[in-house]
Structures are given as C-alpha cells and as structure tokens.
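Note that the working numbering has the sequence shown beginning at 1, numbered continuously upward.
Glycine included, C-beta positions come from ideal geometry on N, C-alpha and C.
Presented below is the structure to which this report refers.
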Amino acid sequence: MMKLYAHPDNYKTKKALIAAQYVGLEVACPDKAGEAVTGRVPVLETSKGCIFSSGAIARYISRISRPVGLYGQNLIEGGMIDSWMEFCTHELEVPLCTWVLPVMGTYPNIPEATACAKEDVKRSMGVLDKHLLHNTYMVGDSITLADISVCCALVDGMTHVFDDKYLKPFPNLMRWFQLCVNQPEFKKILGQVKMPTEGKDSGKDAKKDAAPKKDAAPKKDAAPKKDAAPKKDAAPKKEGKKDKKKDGEKEEAPAAELTPEEAEKAKKDKLKKVLKEGGKRGVEIEGAADMGGLQFFCTSVDQPEGDLELLEKCVEAMNAKSDPSEEERKGGSGKIGKMVFSCGVEHLAVVAYVPDEKQKDLSCEEWLGAVLATQGGEVLKKGASISVGKVKANAEKGVFPLKIREPMIREANDFLRKKGLFPEDNDDDDDECIFGDDDFPS
Numbered sequence: 001m002m003k004l005y006a007h008p009d010n011y012k013t014k015k016a017l018i019a020a021q022y023v024g025l026e027v028a029c030p031d032k033a034g035e036a037v038t039g040r041v042p043v044l045e046t047s048k049g050c051i052f053s054s055g056a057i058a059r060y061i062s063r064i065s066r067p068v069g070l071y072g073q074n075l076i077e078g079g080m081i082d083s084w085m086e087f088c089t090h091e092l093e094v095p096l097c098t099w100v101l102p103v104m105g106t107y108p109n110i111p112e113a114t115a116c117a118k119e120d121v122k123r124s125m126g127v128l129d130k131h132l133l134h135n136t137y138m139v140g141d142s143i144t145l146a147d148i149s150v151c152c153a154l155v156d157g158m159t160h161v162f163d164d165k166y167l168k169p170f171p172n173l174m175r176w177f178q179l180c181v182n183q184p185e186f187k188k189i190l191g192q193v194k195m196p197t198e199g200k201d202s203g204k205d206a207k208k209d210a211a212p213k214k215d216a217a218p219k220k221d222a223a224p225k226k227d228a229a230p231k232k233d234a235a236p237k238k239e240g241k242k243d244k245k246k247d248g249e250k251e252e253a254p255a256a257e258l259t260p261e262e263a264e265k266a267k268k269d270k271l272k273k274v275l276k277e278g279g280k281r282g283v284e285i286e287g288a289a290d291m292g293g294l295q296f297f298c299t300s301v302d303q304p305e306g307d308l309e310l311l312e313k314c315v316e317a318m319n320a321k322s323d324p325s326e327e328e329r330k331g332g333s334g335k336i337g338k339m340v341f342s343c344g345v346e347h348l349a350v351v352a353y354v355p356d357e358k359q360k361d362l363s364c365e366e367w368l369g370a371v372l373a374t375q376g377g378e379v380l381k382k383g384a385s386i387s388v389g390k391v392k393a394n395a396e397k398g399v400f401p402l403k404i405r406e407p408m409i410r411e412a413n414d415f416l417r418k419k420g421l422f423p424e425d426n427d428d429d430d431d432e433c434i435f436g437d438d439d440f441p442s
C-alpha cells in the first residue's frame, strides 16, 4: 500500500485517488496529512521513493496498468491526454479557482478578478463543449486521465458557483460530466456530486424581489376582478391553457408528424451524417493502425444511435477505398479488422468486420459472439466478413448501453490478445517502457 500525503478535500488529491481506483492500487491518505506534514504536498510515498506534485502523481498511478488505458492505448493518445491536462491546468483551473476560492472563504473576493475569471471559465468550457460534441470521452473510447483531471477540476464549480443559466450553453459538457461522476470509481471518491438546479445567486435575489409583489394589497383587494363573473366562467379557456402546459407533447405532436417526403429527406440526412462519421473514423483508424502496426481496431461511433442498419453502413464507409486526390480523405481502413459499437436507447449495437485476408486467423462470428456473451447479447447476422449483434438494455439488471460499451471494447481487445492479434501489455519499445507492469509496485 502506498501513502499519499495531501489535503484530502482538494480536487487535485481526488484525481489521483480516482486513478488509483481504476488501476486497482491501494492508496492511503493519512488523517490530517495536509495539516501535519510540513514541506511540499502532495507527496506519494512508494517503496522505491517519493513522487511529488499532483500531476506527476496522477500520471504515475495512471501508467501502472496499461490495459486499463488511463494514459491511452498508444503514444498519440498519451500526447492528447497530456494536451488536455495542460489545457485543464492553465485554461480552466486557474480562472475557476479565482472564482471559487473566495466563495469557499479561502481567499478574499476581488470583484474585478472574479468577473474576468467567469468569462475565462466560460470560454474554456465552450472549448470543452465543442470537443465533446463528437466525442464521448476527452481522448479515445474510454475514461482516461484527461477525463479524470477535467471532471475533478469542475466539481467545485458545480457545487459552489455554477447555476443552470451559466451551464445552459454547454449541453455536451454536462452530458459528459454526468457520465463521469456516475462511474463507480468516481463515486467512491467524490460521493454523490450535487448538481446545480437553481441559480445560486439569482435564485436568492428572485425570492427577495418576489415578496413585495405578494404583499401588494391593491391586487389582492381588487374587488372588480374577483367579482368578474365572465372571467370566472371562462373555464374552457383556462383549462385549455393548463392542458397545454401539462401535456406539452400533445401540443407539439402535429409538428412532429412528417410528410412522406419530409421523412425521406430526414432519413437521407441522417444517412449522410452516418457515412460522414464513418469515413472520417476510417481515416483515423488507418492512421492509428499504420503508426502502431495494428491489424485490428475497436471503437465506437455516435451518429447511428444504436440503429443496426445505420451502424453497418457506417462500417462500410470506414472500409470504403480512399481516394488520395480528394480534398478530404474518407475511409481507407478496409484492410483492418474492427469491432464498432453504437449506443441507442433500447440497446447497444455491435458490428464486427474481418477482412478476407485475416479470416484464416480470426472468425468474425466467433469474435462477436464471445464479446456479446459477456453481457448477454445476441448475434443477429452471421457472416465471414460482417457479423451484427446487440445487447438489450435492462434497467433492473443495471445493463445500460453507455455503461457496458467500454467493458465490451476491452473484452474485444482481450479476445484478440489471446489469439496473438493485438499488442500484449508489455513490449520492448524504449519509448513506452514506462508502461510495463513489472516496473511498478502492485
């Protein structure tokens, strides 16, 4: 067991502890460590020496187990994680602390600095929101140290200063934040994060301003209005308004009904988005495979939204032959086997693809079947090149598409490892020797 001497309530401490939860490392925080220890904190005490600085500690812990992937699955992902961590430190944490710490009573409030900090935080959150529009996680297809760092930095803001009005422009960021804080590893360290429901400042002012209006005697004593029989008898109009407010969907139903032409156009627009995402992802897969020498790749896409037919079209777009003369390249990953996941409301859709030249090494049907079996899924279409299946959502059993997707991606990679078709956990590359499990205490 390692010891982490740090302020237990500090968000920087919590990101190291969450990382430890993911890699299965026992880390103890001595009581009142932040008060009792003089010198530089945080400090992680290991059997081979001490590591100080929250960033260094979090990186060290994240690299202990490479299969977990907290520091990415390859060098490019590791670089991306570093990029977002630096962004978090300089562009988000600095202004957010300037805003939050005075509210927490740690530092005196300087109104001019707070006003600037609010705008800087809003700008940084806008960058994150745009990035998360097309990405489930900050980097790759699973939780990484980038997600842990940004999420922990935002927790104090969510708890102390953000309100609904401030957060309204950032729906993608809020979706991602809710996903993170509801992971078991996050919950064990952060507990139940209280989300903003009302304006923290404006709500109080609104209540104060509301009192004079309630006490306004003229309105209460306005006898003509009370005795106005025609207005009292106008029941149909009043009930109609109430019904519209209560049953908003009834009021919107006519607008939702599309003509056959509109429905066909919507279908074509959706397919266009699916093919665009597939073409773009195909180029990314081709580049990652070339750099890492991969024969197979597992990933997820958003646009199909769990539609099995659209997901299959998306995979076809990934495999389409790339035209080097095009301004924007698409596809090009037809020689790379892949398993692609897409979350829907009712199920998680999965498509497995094995190119002809690799079918002697791997059965597409067997690969998909083994992965689906881990979550009680079913194979719906069997083929040597393409197989399709799904896992139905089951709230009673805690089976949710978004929740089971990452574990299933890991299962798909593990299946390949057992057949020698995916890189093992350890390798001889000097640049990546720090990831080796043997180099770190367990």
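From this set, A395, Y71, C116, which residue's C-alpha is nearest W99's C-alpha?
The sequence position of residue 99 within the sequence shown is 99, counting from 1. Among A395, Y71, C116, the Cα nearest to that of W99 belongs to C116.
By alpha-carbon positions, which one of S65, P42, I61, E406 ends up nearest to S54?
Position 54 of the sequence shown holds residue 54. Closest option to S54, Cα to Cα, is P42.
Tell me Q389's beta-bridge partners as DSSP assigns them.
Position 389 of the sequence shown, counted from the start, is the residue given in the question as residue 389. According to the sequence displayed, residue 389 carries Gly and not Gln. Note: G389 sits in a beta bridge opposite V350, V379.
Throw me the rounded Cβ distance for the K15 and S149 pair, which I believe falls under 8 angstroms.
Position 15 of the sequence shown, counted from the start, is the residue given in the question as residue 15. Position 149 of the sequence shown, counted from the start, is the residue given in the question as residue 149. The pair is a contact, with the Cβ atoms about 5 angstroms apart (cut-off 8 angstroms).
From this set, L70, A370, K358, which residue's C-alpha is nearest V350's C-alpha?
As a working mapping, residue 350 is identified with position 350 in the sequence shown. That would be A370, whose Cα lies nearest to the Cα of V350.
Using beta-carbon positions only, say whether F87 and V127 come within less than 9 angstroms of one another.
Residue mapping note: residue 87 aligns to position 87 of the sequence shown, counting from 1. Residue mapping note: residue 127 aligns to position 127 of the sequence shown, counting from 1. F87 places its beta carbon less than 9 angstroms from that of V127.
Note down, in chain order, each residue of its chain lying with its Cβ closer than 6 angstroms to the Cβ of K168, except the 5 sequence neighbours on either side.
Translated into the one-based positions of the sequence shown, residue 168 becomes position 168. For K168, where only same-chain residues beyond five positions count, there are no Cβ hits under 6 angstroms.
Could you check the C-alpha separation between V27 and S65 for me, to the nearest Å?
Sequence index remark: in the sequence shown, residue 27 carries index 27 (1-based). Sequence index remark: in the sequence shown, residue 65 carries index 65 (1-based). The straight-line gap from Cα to Cα measures roughly 15 angstroms.
In three-state terms, what does DSSP make of E185?
The residue given as residue 185 occupies position 185 in the sequence shown. In the structure shown, E185 sits in a helix (DSSP, three-state: H, G or I).
Inter-stretch contact (C-beta, 8 angstroms, three-pair minimum) for the stretch 362–380 and the stretch 269–286:
The stretch 269–286 and the stretch 362–380 do not touch, with fewer than three beta-carbon pairs separated by less than 8 angstroms.
Should T57 and L4 be called a contact, given that it needs their Cβ atoms to be closer than 9 angstroms?
Numbered from its first residue, the sequence shown carries residue 57 at position 57. Numbered from its first residue, the sequence shown carries residue 4 at position 4. For the sequence presented, residue 57 should be read as Ile rather than Thr. Yes, they are a contact pair.
Per DSSP, cross-strand counterpart(s) of K3:
Numbered from 1 along the sequence shown, position 3 holds the residue referred to as residue 3. According to DSSP, K3 bridges with A28, E45.
Which of helix, strand or coil DSSP assigns to P319:
Locating residue 319 in the sequence shown gives position 319, counting from the first residue. For the record, residue 319 in the displayed sequence is Asn; it is not Pro. N319: helix per DSSP, three-state reduction.
Going by other Cβ atoms of all chains shown within 10 Å of its Cβ, with 16 needed for buried, is S300 buried or exposed?
Working through the sequence shown from its first residue, we reach residue 300 at position 300. When all chains shown are included, S300 counts as buried.
Use the C-beta contact count for A36: other C-beta atoms within 10 angstroms, 16 or more gives buried, fewer gives exposed.
Translated into the one-based positions of the sequence shown, residue 36 becomes position 36. Residue confidence is low: A36 scores 43 on pLDDT, short of 50, so the model does not pin down where it sits. No coordinate-derived value is stated.
Is the separation between the beta-carbon of A288 and that of Q295 shorter than 9 angstroms?
Residue numbering aside, residue 288 sits at position 288 when the sequence shown is read from its first letter. Residue numbering aside, residue 295 sits at position 295 when the sequence shown is read from its first letter. Against a cut-off of 9 angstroms, the Cβ pair of Q295 and A288 comes out as no contact.
Please go through the same chain and pick out, in chain order, the residues whose beta-carbon is closer than 8 angstroms to the beta-carbon of V181, but skip the five residues on each side of it.
Counted from its first residue, the sequence shown places residue 181 at position 181. C151, V155, K187, L190, V193, listed in sequence order.
G24: which of D9, E45, M2, E328 sits nearest, CA to CA?
If you number the sequence shown from 1, residue 24 lands on position 24. Considering only alpha carbons, the answer is M2.
Which of the three DSSP states is assigned to K338 in this structure?
As a position in the sequence shown, residue 338 is number 338, starting the count at 1. Reduced to three states, the DSSP call for K338 is strand.
With 16 as the cutoff for other CB atoms within 10 Å, does C50 come out buried or exposed?
The residue given as residue 50 occupies position 50 in the sequence shown. C50 is exposed by the Cβ-count criterion.
Check whether L503 and V121 have beta carbons under 9 angstroms apart
The structure shown does not extend to residue 503, since the chain is modelled only from 1 to 442, so the question has no answer here.
Beta-bridge pairing of S300 - partner residues as DSSP gives them:
Within the sequence shown, residue 300 is the residue found at index 300, counting from 1. The secondary-structure analysis by DSSP pairs S300 across a beta bridge with F341.
Do L75 and Y60 have their C-beta atoms within less than 9 angstroms of each other?
Here the question's residue 75 lines up with position 75 in the sequence shown. Here the question's residue 60 lines up with position 60 in the sequence shown. Pairing L75 with Y60 gives a Cβ-Cβ distance that is not under 9 angstroms.
Would you mind stating whether G79 and G140 have Cβ atoms separated by less than 9 angstroms?
Indexing the sequence shown from 1 puts residue 79 at position 79. Indexing the sequence shown from 1 puts residue 140 at position 140. No, the pair does not count as a contact, with Cβ atoms beyond the cut-off.
I want to see whether chain E comes within less than 9 angstroms of A317, judged by CB atoms only; does it?
Note that chain E does not occur in the displayed structure, where there is just one protein chain.
Enumerate in chain order the residues of its own chain whose CB-to-CB distance from V399 is below 8 angstroms, with the five nearest sequence positions on each side excluded.
The sequence position of residue 399 within the sequence shown is 399, counting from 1. Q375, G376, V391, K392, A393.
Beta-carbon proximity list for L421, same chain, < 7 angstroms, skipping 5 on both sides:
Numbered from its first residue, the sequence shown carries residue 421 at position 421. Around L421, the same chain offers Q295, F296, D361, L362 as residues with beta carbons nearer than 7 angstroms, after the five sequence neighbours per side are excluded.
Nearest candidate by alpha-carbon position, reference D147, set E119, G69, T159:
Counting from 1 along the sequence shown, the entry for residue 147 is found at position 147. It is G69.
Checking the sheet assignment: what are the DSSP bridge partners for I51?
Your numbering for residue 51 matches position 51 in the sequence shown. Its beta-bridge partners are L44.
Could you tell me if M339 is buried or exposed, where buried requires 16 or more neighbouring beta carbons within 10 angstroms of its beta carbon?
To locate residue 339, count along the sequence shown from 1; it is residue 339. By the 10 Å Cβ count, M339 comes out buried.
Bridge partners - V399, DSSP secondary structure assignment:
Start at 1 with the first residue of the sequence shown, and residue 399 comes out as number 399. For V399, which the question treats as bridged, DSSP gives the partners N394.
Neighbourhood of A320 by C-beta, 6 angstroms cutoff - its chain only, sequence neighbours within 5 removed
The residue labelled residue 320 in the question sits at position 320 within the sequence shown. The answer, listed in chain order, is G331.
Alpha carbon to alpha carbon, what distance is there between K48 and F170?
As a working mapping, residue 170 is identified with position 170 in the sequence shown. As a working mapping, residue 48 is identified with position 48 in the sequence shown. Looking at the two C-alpha atoms, the distance is approximately 44 angstroms.
Between I404 and the rest of its own chain, which residues show a CB-CB distance below 7 angstroms, the 5 nearest in sequence each way excluded?
Indexing the sequence shown from 1 puts residue 404 at position 404. Counting only Cβ-Cβ distances below 7 angstroms, and skipping sequence neighbours, we find L348, Q375, V391.
Local Cβ density within 10 Å of Q178, reported as buried at 16 or more and exposed below that
Sequence index remark: in the sequence shown, residue 178 carries index 178 (1-based). Exposed, since its Cβ has fewer than 16 Cβ neighbours within 10 Å.
Residues near M291 in its chain [Cβ-Cβ closer than 8 angstroms; skip 5 each side]
Against the sequence shown, residue 291 aligns to sequence position 291. Closer than 8 angstroms at the Cβ level, and outside the excluded window around M291, lie N74, L75, I76.
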